[in-house]
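A.B. asks: The structure under discussion is supplied below as structure tokens; questions concerning it will follow.
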Amino acid sequence: MNINDETTGKTQLARDKKITANRRIKDSVFTKLFSEVKYLRLLYDSLYTDGTNYQDEDFRLLTLENVLVNDVYNDLGFMVGNRLIVLAEAQSTFNPNMALRFLIYMAHTYRDYIKEKGLDIYGRTQIKIPEPDFLLVYTGSEKLEEYRKLHLSDMYTQNERCKLELTVDVFAGTRDDGNILSQYIGFCRKYDEFGKRAKGKTEKLKALIATIEYCKAHNILREFLQKHAMEVIEMRMTLYTQEEIDAMKWDKAVMIGRKEGISIGRNEGLHDVAKNMKKLGFSDEDIKMATGLVSSKTE
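As numbered in our numbering, residues 25 to 323 make up the sequence shown, in order.
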């Protein structure tokens, strides 16, 4: 591995860190916004017409297993009456496989529901389970029609005799109707717009503050941002600090790599580098990117 390879790897890691940090900011807004019953009700009212039938205590947030999500996705599950709603957010790349991922999630959720309620699925009496709705909110820059659907049946090799279907409603926020989902999507896209050319800690912080001020001035999550702006900014600062730490760890790993023989490409040296990077807390993917090793013995 030569110096150019190291530079390329470091540049890619820095780019990935920036993307991850941006996603975390939007994640903090997403989870904090919809974990408050006031905004959860506004979300429900933007999707259904029977919201007046329920009281605040009828809205129950669920703890979701990490089945649906990776760095790109963030999700929220809640129950209202006998309806179970799973809301996932795609922040960057639109994924057409979400119907299958929702199916996997629901298998886990129904298993937990049956266990929690003490239901007997082997008995002679038919049990009742909540009716699910699956929603995907897309906040990325790809041009999608406002309301589209993903069908599990579209993923089958042949679907002429499809016996299992699952439908996901996709909201892309192309129409500015002022509801809470449209406002949230507007916040995310404005943040991406302001942050696109920002370089360095100071510029990125200015981009975030500009986003918050713009959204408050244009009635986009105004009340929420007036209440929680400092929390979002403080989280941004914490993320920058962590990015700087990660960058220092990368520099140290590269220095170790040079000492261990990475500059002349010795296989033994590469494995030593992998071990040291593992000790520094790098993921297997980062180690692979830095050393070129498909797998490494780190024990």
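We treat Cβ as the ideally placed atom computed from N, Cα and C, and that holds for glycine.
(1) Can you pull the DSSP bridge partners for M365?
(2) Roughly how many angstroms separate the alpha carbons of G164 and T149, rounded to a whole number?
(3) By the 10 Å Cβ neighbour count, where 16 or more other Cβ atoms means buried, how is D144 classified, buried or exposed?
(4) Who does H175 pair with in a DSSP beta bridge?
(5) For the putative contact between K173 and D193, defined by C-beta atoms under 8 Å, what is the C-beta separation to the nearest angstrom?
(6) Please state whether the Cβ-Cβ distance between F248 and L232 is less than 9 Å.
(7) Sort out for me which residues DSSP pairs E155 with in a bridge.
(8) Who are the Cβ neighbours of I138 in its own chain at under 7 Å, not counting the five residues just before and after it?
(9) Determine the contact status of L111 and F58, defining contact as a CB-CB distance below 9 Å.
(10) To the nearest angstrom, how far is the alpha carbon of V61 from that of F83?
(11) Using a 10 Å radius around the Cβ and a threshold of 16 neighbouring Cβ atoms, would you call Q250 buried or exposed?
(12) Count the other CB atoms within 10 Å of the CB of T76; is the residue buried (16 or more) or exposed (fewer)?
(13) For P156, tell me which candidate among E258, F195, T191 and I257 has the shortest Cα-Cα distance.
(14) Evaluate G147 with the Cβ neighbour count: other Cβ atoms within 10 Å of its Cβ, from every protein chain shown; 16 or more gives buried, anything less gives exposed.
(15) Rounding to the nearest angstrom, what Cα-Cα distance links C239 and Y162 in this structure?
(16) Sorted by chain position, which residues of the same chain lie with C-beta nearer than 6 Å to S70's C-beta, five sequence neighbours on each side aside?
(17) Identify, in the order they occur along the chain, each residue of the same chain with its Cβ nearer than 8 Å to the Cβ of L66, setting aside the five sequence neighbours on each side.
(18) By a C-beta neighbour count over all protein chains shown, 10 Å radius and 16 as the cutoff for buried, is A114 buried or exposed?
(19) For T55 and I209, what's the separation of their Cα atoms in angstroms?
(20) If L124 sits next to L176, beta carbons under 8 Å apart, how far is it from one beta carbon to the other, in whole angstroms?
(21) According to the neighbour-count rule (16 or more other Cβ atoms, all chains shown, within 10 Å of its Cβ), is I151 buried or exposed?
(22) According to DSSP, simplified to helix, strand and coil, what is H242?
(23) Reducing DSSP to helix, strand and coil, say where L219 ends up.
(24) Looking only at C-alpha atoms, which of L86, V104, G142 and A222 sits nearest to T73?
(25) Since L64 is in the alpha helix (DSSP H), which residue starts that stretch and which ends it?
(26) At which residues does the alpha helix (DSSP H) containing T133 begin and terminate?
(27) Short of 6 Å in beta carbon distance, which residues of its chain neighbour E237, apart from the five on each side in sequence? Order them along the chain.
(28) Mark M254 as exposed unless 16 or more other C-beta atoms lie within 10 angstroms of its C-beta, in which case mark it buried.
C.D. replies: Let me lay it out:
(1) A question about residue 365 goes unanswered here, because the residues of the chain that appear run from 25 up to 323.
(2) 46 Å
(3) exposed
(4) T191
(5) 6 Å
(6) no
(7) R107
(8) I145
(9) yes
(10) 7 Å
(11) exposed
(12) exposed
(13) T191
(14) exposed
(15) 19 Å
(16) N203, I204 and L205
(17) N203 and I204
(18) buried
(19) 14 Å
(20) 6 Å
(21) exposed
(22) coil
(23) Per the sequence presented here, residue 219 reads as Gly, with Leu not at that position. In this structure, G219 counts as helix in the three-state DSSP scheme.
(24) V104
(25) V61 to L71
(26) M122 to K141
(27) none
(28) exposed
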